[in-house]
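**Student:** If you read the protein sequences in the order shown, they are chains A and B. For the first sequence, this note's numbering begins at 151 and goes up steadily by one. For the second sequence, this note's numbering begins at 151 and goes up steadily by one. All C-beta atoms, glycine included, are put in the ideal place defined by N, C-alpha and C. Here the structure is a predicted model, which is why all the values come from computation and not from measurement.
2 protein chains.
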Amino acid sequence: MEIKLTPKSEIELRTARLQEKLTQQALDGAIILLNSDMFYFTGTVQTSYLYVPASGEPVLMIKKSLSRGKAESPLKNIVPIKSPKEIPGILAEFTYTSFNRIGMALDVLPVNLFNRYQKIFPNTQFCDISPAIKEIRSIKSPYEVELLRDALSVIDKAHLAVPSFLREGMMEIELAALFEAEMRKRGYSGCCKMRAFNQDLFLGNTLSGSSGCAPSFFDGPVGGNGVAVTHPHGASWKKINRNEAVYIDYTCVVHGYTGDQTRIFCIGELTPQMVKAFEAAVFIEAEIIKAIKPGTPAEEPYLLALKLTEEMGYKDSFMGYQDDKVKFIGHGIGLELDEFPILAKGLKTPILPGMTFALEPKFVFPEGAIGTENSFVMTEKGPEFLSSTPNVITYIK
Amino acid sequence: MEIKLTPKSEIELRTARLQEKLTQQALDGAIILLNSDMFYFTGTVQTSYLYVPASGEPVLMIKKSLSRGKAESPLKNIVPIKSPKEIPGILAEFTYTSFNRIGMALDVLPVNLFNRYQKIFPNTQFCDISPAIKEIRSIKSPYEVELLRDALSVIDKAHLAVPSFLREGMMEIELAALFEAEMRKRGYSGCCKMRAFNQDLFLGNTLSGSSGCAPSFFDGPVGGNGVAVTHPHGASWKKINRNEAVYIDYTCVVHGYTGDQTRIFCIGELTPQMVKAFEAAVFIEAEIIKAIKPGTPAEEPYLLALKLTEEMGYKDSFMGYQDDKVKFIGHGIGLELDEFPILAKGLKTPILPGMTFALEPKFVFPEGAIGTENSFVMTEKGPEFLSSTPNVITYIK
Numbered sequence: 151m152e153i154k155l156t157p158k159s160e161i162e163l164r165t166a167r168l169q170e171k172l173t174q175q176a177l178d179g180a181i182i183l184l185n186s187d188m189f190y191f192t193g194t195v196q197t198s199y200l201y202v203p204a205s206g207e208p209v210l211m212i213k214k215s216l217s218r219g220k221a222e223s224p225l226k227n228i229v230p231i232k233s234p235k236e237i238p239g240i241l242a243e244f245t246y247t248s249f250n251r252i253g254m255a256l257d258v259l260p261v262n263l264f265n266r267y268q269k270i271f272p273n274t275q276f277c278d279i280s281p282a283i284k285e286i287r288s289i290k291s292p293y294e295v296e297l298l299r300d301a302l303s304v305i306d307k308a309h310l311a312v313p314s315f316l317r318e319g320m321m322e323i324e325l326a327a328l329f330e331a332e333m334r335k336r337g338y339s340g341c342c343k344m345r346a347f348n349q350d351l352f353l354g355n356t357l358s359g360s361s362g363c364a365p366s367f368f369d370g371p372v373g374g375n376g377v378a379v380t381h382p383h384g385a386s387w388k389k390i391n392r393n394e395a396v397y398i399d400y401t402c403v404v405h406g407y408t409g410d411q412t413r414i415f416c417i418g419e420l421t422p423q424m425v426k427a428f429e430a431a432v433f434i435e436a437e438i439i440k441a442i443k444p445g446t447p448a449e450e451p452y453l454l455a456l457k458l459t460e461e462m463g464y465k466d467s468f469m470g471y472q473d474d475k476v477k478f479i480g481h482g483i484g485l486e487l488d489e490f491p492i493l494a495k496g497l498k499t500p501i502l503p504g505m506t507f508a509l510e511p512k513f514v515f516p517e518g519a520i521g522t523e524n525s526f527v528m529t530e531k532g533p534e535f536l537s538s539t540p541n542v543i544t545y546i547k
Numbered sequence: 151m152e153i154k155l156t157p158k159s160e161i162e163l164r165t166a167r168l169q170e171k172l173t174q175q176a177l178d179g180a181i182i183l184l185n186s187d188m189f190y191f192t193g194t195v196q197t198s199y200l201y202v203p204a205s206g207e208p209v210l211m212i213k214k215s216l217s218r219g220k221a222e223s224p225l226k227n228i229v230p231i232k233s234p235k236e237i238p239g240i241l242a243e244f245t246y247t248s249f250n251r252i253g254m255a256l257d258v259l260p261v262n263l264f265n266r267y268q269k270i271f272p273n274t275q276f277c278d279i280s281p282a283i284k285e286i287r288s289i290k291s292p293y294e295v296e297l298l299r300d301a302l303s304v305i306d307k308a309h310l311a312v313p314s315f316l317r318e319g320m321m322e323i324e325l326a327a328l329f330e331a332e333m334r335k336r337g338y339s340g341c342c343k344m345r346a347f348n349q350d351l352f353l354g355n356t357l358s359g360s361s362g363c364a365p366s367f368f369d370g371p372v373g374g375n376g377v378a379v380t381h382p383h384g385a386s387w388k389k390i391n392r393n394e395a396v397y398i399d400y401t402c403v404v405h406g407y408t409g410d411q412t413r414i415f416c417i418g419e420l421t422p423q424m425v426k427a428f429e430a431a432v433f434i435e436a437e438i439i440k441a442i443k444p445g446t447p448a449e450e451p452y453l454l455a456l457k458l459t460e461e462m463g464y465k466d467s468f469m470g471y472q473d474d475k476v477k478f479i480g481h482g483i484g485l486e487l488d489e490f491p492i493l494a495k496g497l498k499t500p501i502l503p504g505m506t507f508a509l510e511p512k513f514v515f516p517e518g519a520i521g522t523e524n525s526f527v528m529t530e531k532g533p534e535f536l537s538s539t540p541n542v543i544t545y546i547k
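Okay, structure coming up:
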């Protein structure tokens with residue numbers, strides 16, 4: 151693995167797509183601040199302020215570190231800055247002086263910071279550009295898809311390594327430590343990012359048996375008990391027993407891109423009920439993959455899964471136990487974990503070529519969580535797997 | 151280690167301190183949303199909305215998971231909620247109907263979410279309550295200090311374990327994986343939290359030799375190269391050589407509280423220059439510890455260190471290399487890594503008993519980063535170490 155710098159052609163394409171949106175929305179330009187957006191449009195996350203005009207070259211103003219930002223970003227106009235107060239003056243030097251309507255990502259920008267920008271641009275109307283950015287970012291280029299494949303290859307290797315260290319009687323947290331180290335030593339950068347407010351990032355779920363059924367604040371089918379009330383999810387102090395489902399669901403961030411994958415392990419044997427549920431999850435995944443194609447509305451995978459689970463009698467366990475369910479079966483993945491498309495009830499936006507997403511049919515029973523999760527890219531020919539570990543339960547003697 | 155639930159007496163004390171501030175600021179109450187604030191005032195981070203009236207019992211409205219939130223929080227009034235739209239109706243049931251001025255943490259609340267609350271409370275003036283919350287949270291109770299000691303004991307054990315796995319020729323990222331696993335298996339919850347916008351959390355710094363001098367966006371003296379442009383800090387793919395300073399600076403979050411500690415290792419021998427700089431850092435720490443007492447202005451440790459480093463001829467290397475310096479020598483630690491007090495130039499707020507902070511005199515040279523970092527609590531008698539690993543360079547043959 152090596153550090154990959156974003157090619158100039160990628161940045162140019164992304165900028166052009168943003169400028170098209172700016173023009174459509176009659177905006178003079180956009181100020182980009184959030185790290186994930188900053189990286190997408192510049193290739194760097196050095197502490198910076200990016201101005202993308204509706205037409206013309208963007209200006210990247212770097213506070214710290216300028217030398218590193220210049221080495222990382224292929225943008226033409228990169229200048230030093232000490233405070234955002236200098237932005238209007240710097241932009242004037244690039245002949246950008248009209249700021250009637252400016253886009254900012256108001257889904258993430260804190261109020262106090264917004265007020266600061268309103269003071270710097272007293273006559274400007276700031277408009278929320280985040281829906282446009284999310285839409286642009288949801289369509290991945292072939293370059294981005296390759297980065298995501300790298301992330302999946304790292305999580306693949308970690309999942310394949312589990313039988314070498316999973317032992318009866320070890321604590322979930324010990325297994326988590328070993329699993330995370332497998333990803334980390336291969337280039338996992340650390341916690342994945344979520345865009346939604348207050349969605350604290352965490353490392354992943356390493357759960358055994360009944361831990362899979364712990365009720366959770368997390369907007370996912372499975373939560374776990376965690377090792378602290380402040381981080382009430384993921385691996386706990388529970389010991390892993392024979393004949394329990396060991397559920398390992400992790401994101402893996404490599405080159406900034408977030409793969410997401412779940413595999414099931416067991417020391418000994420699972421109950422027939424759990425085996426049957428696992429097979430149902432694999433079947434649902436296969437049916438969804440057969441059914442969806444470019445243009446399929448985002449809610450269809452969920453609705454199809456719902457229909458199938460009801461037919462199979464799994465209504466109470468699908469995507470959470472009883473009343474503690476989530477109403478989606480997948481989500482977009484990229485620089486953040488909660489990207490478009492969200493494969494949820496009520497969302498009719500089409501799944502388009504270039505969209506990358508995780509699909510996670512899962513069941514939760516009092517005896518544990520079971521199911522599968524894989525990452526995909528939608529191509530012109532339909533969805534394509536981004537990983538290669540076998541979609542099976544791995545038994546350890 | 152076990153999961154610790156916040157005692158009722160802690161929550162009552164914290165609530166009383168917030169209510170005092172609300173009364174002082176003529177606020178009817180505060181709506182608390184951010185996880186770290188939520189945990190502080192309720193004992194849970196289940197997806198919730200907390201209302202703290204200027205007087206009377208707080209109301210915790212839980213969306214997911216109610217059962218878990220009830221088990222975790224000692225608050226009296228805990229009710230279910232589906233959407234924040236229901237907040238005024240629920241509060242009316244508790245006879246809270248006056249919302250002229252309400253406090254919210256506007257330093258973290260995104261604009262779109264703020265607008266949503268403004269619609270729910272159309273006649274309310276929302277005021278920033280974050281300075282008051284930060285001030286309250288900066289004074290730790292003896293209970294909180296004990297939790298922090300647990301965090302430091304975990305990072306102590308990880309630092310002490312390093313000689314058992316640090317080997318010449320291993321990559322920084324491999325060392326990071328092993329170090330993190332040592333913390334993780336003992337109850338480290340995962341990435342620490344920072345309150346400031348865009349301060350992406352990361353796992354820590356495991357740097358060797360020249361990596362310690364990489365310029366960085368991070369608001370700290372030492373950055374590192376990282377394994378991805380999106381996460382441009384921390385361990386890299388560089389191999390660790392003999393006679394290099396191996397710099398391991400990590401936060402460790404246990405029970406939600408963030409310990410912070412740096413130790414230096416070396417396979418072989420360090421140059422006399424590096425050894426001397428290390429001794430200077432330890433000397434500076436000792437001088438600061440002697441000099442500060444309850445009431446000392448927050449900038450004094452930094453100014454004292456600056457004076458000492460100038461006298462010792464380390465001006466160019468202190469807290470960063472040449473132009474890439476930070477202007478502080480320590481920071482508050484607690485539920486977040488960037489708490490009060492900030493031991494920085496220009497900050498005159500007093501360091502009070504109960505304040506917990508990391509002190510990190512460090513030097514950066516082209517050949518590497520070196521220094522020390524320990525976590526402290528200010529007591530009536532002066533600062534007290536929270537950890538116990540020896541403040542020395544650990545040599546490995």
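Could you tell me the alpha carbon to alpha carbon distance between residue 419 (chain A) and residue 544 (chain A), rounded to whole angstroms?
**Tutor:** Rounded to whole angstroms, residue 419 (chain A) to residue 544 (chain A) spans 10 Å at the Cα level.
**Student:** So, do the segment 277 to 293 of chain A and the segment 301 to 320 of chain A have three or more beta carbon pairs nearer to each other than 8 Å?
**Tutor:** No, the segment 277 to 293 of chain A does not touch the segment 301 to 320 of chain A.
**Student:** Do residue 470 (chain A) and residue 360 (chain A) count as a contact pair if the criterion is CB distance below 8 Å?
**Tutor:** In this structure, residue 470 (chain A) does not lie closer than 8 Å to residue 360 (chain A) by Cβ.
**Student:** Check for me: the alpha helix (DSSP H) holding residue 452 (chain B) runs from which residue to which?
**Tutor:** Segment 450 to 462, the alpha helix (DSSP H) holding residue 452 (chain B).
**Student:** Any beta-carbon of chain C closer than 8 Å to the one on residue 288 (chain B)?
**Tutor:** Going by chain labels, chain C is absent from the structure shown, which instead holds the protein chains A and B.
**Student:** Which word fits residue 410 (chain A), buried or exposed, when buried means at least 16 other C-beta atoms lie within 10 angstroms of its C-beta?
**Tutor:** Buried, by the Cβ-count rule.
**Student:** Taking the beta strand (DSSP E) that residue 201 (chain A) belongs to, which residues open and close that run?
**Tutor:** Note, residue 201 (chain A): beta strand (DSSP E), 197 to 203.
**Student:** Nearest chain B C-beta to residue 331 (chain A) closer than 8 Å, yes or no?
**Tutor:** At least one chain B Cβ lies under 8 Å of residue 331 (chain A).
**Student:** Any idea what DSSP makes of residue 408 (chain A), helix, strand or coil?
**Tutor:** Residue 408 (chain A): strand per DSSP, three-state reduction.
**Student:** Which residues of chain A have a Cβ atom closer than 9 Å to the Cβ of residue 272 (chain B), listed in chain order?
**Tutor:** Neighbours of residue 272 (chain B) on chain A: none; closest Cβ ~17 Å, over 9 Å.
**Student:** At 7 Å on the CB atoms, spell out the chain A contacts of residue 197 (chain B), in chain order.
**Tutor:** Residues of chain A passing the Cβ test: 367.
**Student:** Tell me which residues of the segment 291 to 320 of chain B have at least one Cβ-Cβ distance to chain A shorter than 8 Å, keeping chain order.
**Tutor:** Result list empty, no residue passes.
**Student:** Please tell me whether residue 327 (chain A) has its Cβ less than 8 Å away from any Cβ of chain B.
**Tutor:** Cβ-Cβ to chain B under 8 Å: yes for residue 327 (chain A).
**Student:** Checking 8 Å against the spacing of the C-beta atoms, do residue 237 (chain A) and residue 276 (chain A) come in under that value?
**Tutor:** Going by C-beta atoms, residue 237 (chain A) is not nearer than 8 Å to residue 276 (chain A).
**Student:** Let me check understanding here. Comparing Cα to Cα, which of A:351, A:225, A:202 lies closest to residue 246 (chain A)?
**Tutor:** Taking only the C-alpha atoms, the option nearest residue 246 (chain A) is A:202.
**Student:** Would you kindly check if the distance between the Cβ of residue 546 (chain A) and the Cβ of residue 416 (chain A) is under 8 Å?
**Tutor:** Against a cut-off of 8 Å, the Cβ pair of residue 546 (chain A) and residue 416 (chain A) comes out as a contact.
**Student:** If you measure from the beta carbon of residue 262 (chain A) to each beta carbon in chain B, is any gap under 8 Å?
**Tutor:** True, the Cβ-Cβ gap to chain B drops below 8 Å.
**Student:** Got a sec? Which residues, its chain only, sit under 8 Å from residue 363 (chain A) by beta carbon, not counting five neighbours each side?
**Tutor:** Closer than 8 Å at the Cβ level, and outside the excluded window around residue 363 (chain A), lie 471, 514, 515, 516, 517, 518, 519.
**Student:** Straight-line CA distance for residue 441 (chain A) to residue 313 (chain B)?
**Tutor:** Taking the straight line joining both Cα atoms gives about 55 Å.
**Student:** With DSSP as the reference, please indicate the residues paired to residue 357 (chain A) in a beta bridge.
**Tutor:** Per DSSP, A:397.
**Student:** What does the Cβ neighbour count give for residue 433 (chain A), buried or exposed, with the cut at 16 atoms within 10 Å?
**Tutor:** Residue 433 (chain A) is exposed by the Cβ-count criterion.
**Student:** Note down, in chain order, every chain B residue with its Cβ under 8 Å from the Cβ of residue 450 (chain A).
**Tutor:** Under the 8 Å cutoff, chain B gives no residues; its nearest Cβ is about 25 Å from residue 450 (chain A).
**Student:** What whole-angstrom Cβ distance do residue 455 (chain B) and residue 479 (chain B) have, given they're in contact under 8 Å?
**Tutor:** About 5 Å separates the two Cβ atoms, so the contact holds.
**Student:** Looking at chain A, which residues of the segment 463 to 492 of chain B have a Cβ within less than 8 Å of any of its Cβ atoms?
**Tutor:** So the close ones are 474, 485.
**Student:** Pop quiz: residue 287 (chain B) and residue 163 (chain B) are said to be a contact at Cβ under 8 Å. What is the actual Cβ separation, rounded to whole angstroms?
**Tutor:** 12 Å between Cβ atoms; not a contact.
**Student:** Can you give the Cα-Cα distance for residue 244 (chain A) and residue 176 (chain A), rounded to whole angstroms?
**Tutor:** Taking the straight line joining both Cα atoms gives about 20 Å.
**Student:** Find the residues of chain A that neighbour residue 353 (chain B), judging by a C-beta separation of less than 9 Å, and give them in chain order.
**Tutor:** The answer, in chain order, is 334, 339, 340, 341.
**Student:** Got a sec: is the Cβ-Cβ distance from residue 171 (chain A) to anything in chain B below 8 Å?
**Tutor:** Chain B, which has no Cβ nearer than 8 Å to the Cβ of residue 171 (chain A), makes this no.
**Student:** Could you tell me whether the Cβ of residue 159 (chain B) comes closer than 8 Å to any Cβ of chain A?
**Tutor:** No, because no Cβ of chain A sits closer than 8 Å to the Cβ of residue 159 (chain B).
**Student:** Using only CA atoms, which one of B:214, B:225, B:186, B:219 lies nearest to residue 165 (chain B)?
**Tutor:** Comparing Cα-Cα distances from residue 165 (chain B) to each of B:214, B:225, B:186, B:219, the minimum goes to B:225.
**Student:** Where does residue 476 (chain B) fall in DSSP's three states?
**Tutor:** Here residue 476 (chain B) sits in coil by DSSP.
**Student:** Which residue from B:222, B:178, B:423 puts its Cα closest to that of residue 198 (chain B)?
**Tutor:** The shortest Cα separation from residue 198 (chain B) among B:222, B:178, B:423 belongs to B:222.
**Student:** On a Cα-Cα basis, can you pick out the residue from B:408, B:394, B:526 that is closest to residue 322 (chain B)?
**Tutor:** That would be B:394, whose Cα lies nearest to the Cα of residue 322 (chain B).
**Student:** Tell me which residues of the segment 506 to 537 of chain B have at least one Cβ-Cβ distance to chain A shorter than 8 Å, keeping chain order.
**Tutor:** Residues: none.
**Student:** In the DSSP assignment, the beta strand (DSSP E) including residue 533 (chain A) goes from what residue to what residue?
**Tutor:** Its beta strand (DSSP E) spans residues 532 to 535.
**Student:** Locate the beta strand (DSSP E) running through residue 229 (chain B), then write down its first and last residues.
**Tutor:** Residues 227 to 230.
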